[in-house]
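I have placed the structure first, in the form of structure tokens, so that the comments after it can refer back to it.
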Amino acid sequence: MKLFDVYPLYDVTPVRGKDVYVYDTEGTPYLDLYGGHAVISIGHSHPEYVAAISEQVKKLGFYSNAIQNPLQVELADKLGALSGCDDYQLFLCNSGAEANENALKLASFHTGKSRVIAFNNAFHGRTSAAVAATDNKNINAPINVQHQVTFLELGDTKSLEQELQKGDVCAVIVEFIQGVGGLDEATADFYEETGRLCKVHNTVFIADEIQCGYGRTGDFFAFRKYEVTPDIISTAKGMGNGFPVAGILIHPSIPAKYGMLGTTFGGNHLACAAAIAVLDVLKKEKLMENAREISAYFIEKAQRIPQIRKIKGRGLMLGIELDFEVGELRKKLIYDHHIFTGGSSNKKLLRILPPLTVKKEHIDTFFEALNT
Ligand SMILES: Cc1ncc(COP(=O)(O)O)c(C=O)c1O
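Using the numbering used here, you'd call the opening residue of the sequence shown number 1061 and step up by one each time.
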């Protein structure tokens, strides 16, 4: 059987990973400044993570959500403590899109309304409502576009207020730092006013922290920089360090009802073991502090390069904007220098999304390669 050919592929075959490197079939190391799309948080094949998953699969890999699963409770407790969101409730699922799909569905159940507000350049995933709230016509099929979604300019408070006043909006969904869109952010005023307006108009405020969350910005969640209290926070990527696990954190003001959300695989034993190990390592190795420190080092080095027009992002969710399209540069970095980086819908932006364990010497390697 052939694979369904939907991905343009680089000609590299990683077969092994260790911390910030992956190794191909010949044993050649590649410096992973892309983190497999912001997924690798505690480093490839972290020994504690490998041990936790291995031990768990020997005991019990999976059972359905019809039984008691103390690992889910442990994960919720540790996630609440490290994120500062102990009073939220956790629903576990398997991927970022699924997290946003459940967030939007819950917003609609809770408010009885159905229109969604999303922002230009947003990316929220590829399932039905999540992709409809994604600003990319090419990945929306006719079945998706029947959702009622209004796209606004990120930062346009006046239009947001006008739309919310119509009274039919169940959710405003926002990435506090846009990922795929190219690392744009709005102001504190905008985010804080959005939170306030959502409350006034009985609209659920969803923070999509799938890419910018889980310690990547140096805060556990990117919204922490602002005075906001999202009603739902969606999380995935770094949560499992590559193991498919995701979730939504739900504010106590939104009550649960049996059956309103559900999943077969979400929150299974193996996924919980992986996610618990990630939280333990994030805390023990102080990786959020590391994200802040290495970020400052990166920015300082980038500021010295005249070809860099703009430095965007926060923590280890960074982008450098050049005065040319970066597609060829990314290929050169991979094939000549063995360094993975990311692109975005802004073709001139090179994205840096390394494991949160990255060190200064890796940043030096990157800038040496960029200068040759
Ligand atoms: C902000 C954001 N939301 C949602 C998603 C979708 O996540 P997944 O690919 O796990 O479905 C992504 C993936 O890149 C993302 O960056």
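Think of the CB as a built atom: it goes at the ideal place given N, C-alpha and C, for glycine as much as any other residue.
Taking contact to mean 3 or more Cβ pairs, one atom from each stretch, closer than 8 Å, check whether the stretch 1150–1168 and the stretch 1250–1267 are in contact.
The stretch 1150–1168 is in contact with the stretch 1250–1267.
Going by DSSP, which residues form a beta bridge with S1294?
Per DSSP, D1268, I1308.
Which residues does DSSP pair with L1150 in a beta bridge?
Answer is L1309.
If I follow the unbroken beta strand (DSSP E) through G1379, where does it start and stop?
Counting along the chain, the beta strand (DSSP E) containing G1379 begins and ends at 1377–1381.
With distances taken Cα to Cα, identify the nearest neighbour of S1355 among P1415, G1319, F1384, P1312.
For the residues P1415, G1319, F1384, P1312, the minimum Cα distance to S1355 belongs to P1415.
Please state whether DSSP places L1413 in a helix, a strand or coil.
Coil, per DSSP.
Is there at least one non-hydrogen atom of ligand 1 closer than 6 Å to the beta-carbon of I1100?
Flag unset: Cβ of I1100 not near ligand 1.
Any idea if Q1271 is buried or exposed, counting beta-carbon neighbours within 10 angstroms, 16 or more meaning buried?
When all chains shown are included, Q1271 counts as buried.
At a cut-off of 6 Å, is G1096 close to ligand 1 when judged by its beta-carbon and the heavy atoms of the ligand?
Checking the Cβ of G1096 against ligand 1 gives no.
From what residue to what residue does the beta strand (DSSP E) around C1230 run?
Start and end: 1229–1234.
Between A1157 and V1176, which are expected to be in contact by the criterion C-beta below 8 Å, what is the C-beta distance as a whole number of angstroms?
The pair is not a contact, with the Cβ atoms about 14 Å apart (cut-off 8 Å).
Just to confirm the assignment, what range does the alpha helix (DSSP H) spanning G1156 have?
Counting along the chain, the alpha helix (DSSP H) containing G1156 begins and ends at 1156–1171.
May I ask whether a heavy atom of ligand 1 can be found less than 6 Å away from the beta carbon of H1207?
Not under cutoff, so the answer is no.
Taking 6 Å as the line, does the beta carbon of I1237 fall inside it for any heavy atom of ligand 1?
Not under cutoff, so the answer is no.
Comparing alpha-carbon positions, which option in T1277, G1307, Y1081, I1412 lies nearest V1386?
Here the closest residue by C-alpha is I1412.
Give the DSSP bridge partners of L1091, in chain order.
According to DSSP, which records beta bridges pairwise, L1091 is partnered with Y1081, I1399.
Determine the direct distance from the alpha carbon of G1242 to that of D1383, and round the result to whole angstroms.
Whole-angstrom Cα-Cα distance: 15 Å.
With a threshold of 7 Å on Cβ separation, who are the neighbours of P1089 within its own chain once the five nearest residues in sequence on each side are excluded?
Cβ within range, chain order: Y1081, Y1083, H1398.
For I1336 versus L1152, is the C-beta spacing smaller than 7 Å?
Cβ distance not < 7 Å, so I1336 and L1152 don't count as in contact.
Using 10 angstroms around the beta-carbon of Q1222, count the other beta-carbons present and answer buried if the total reaches 16, otherwise exposed.
Exposed, because fewer than 16 other Cβ atoms sit within 10 Å of the Cβ of Q1222.
From the DSSP output, which residues share a beta bridge with T1210?
DSSP, once it has assigned bridges, lists I1177 as partnering T1210.
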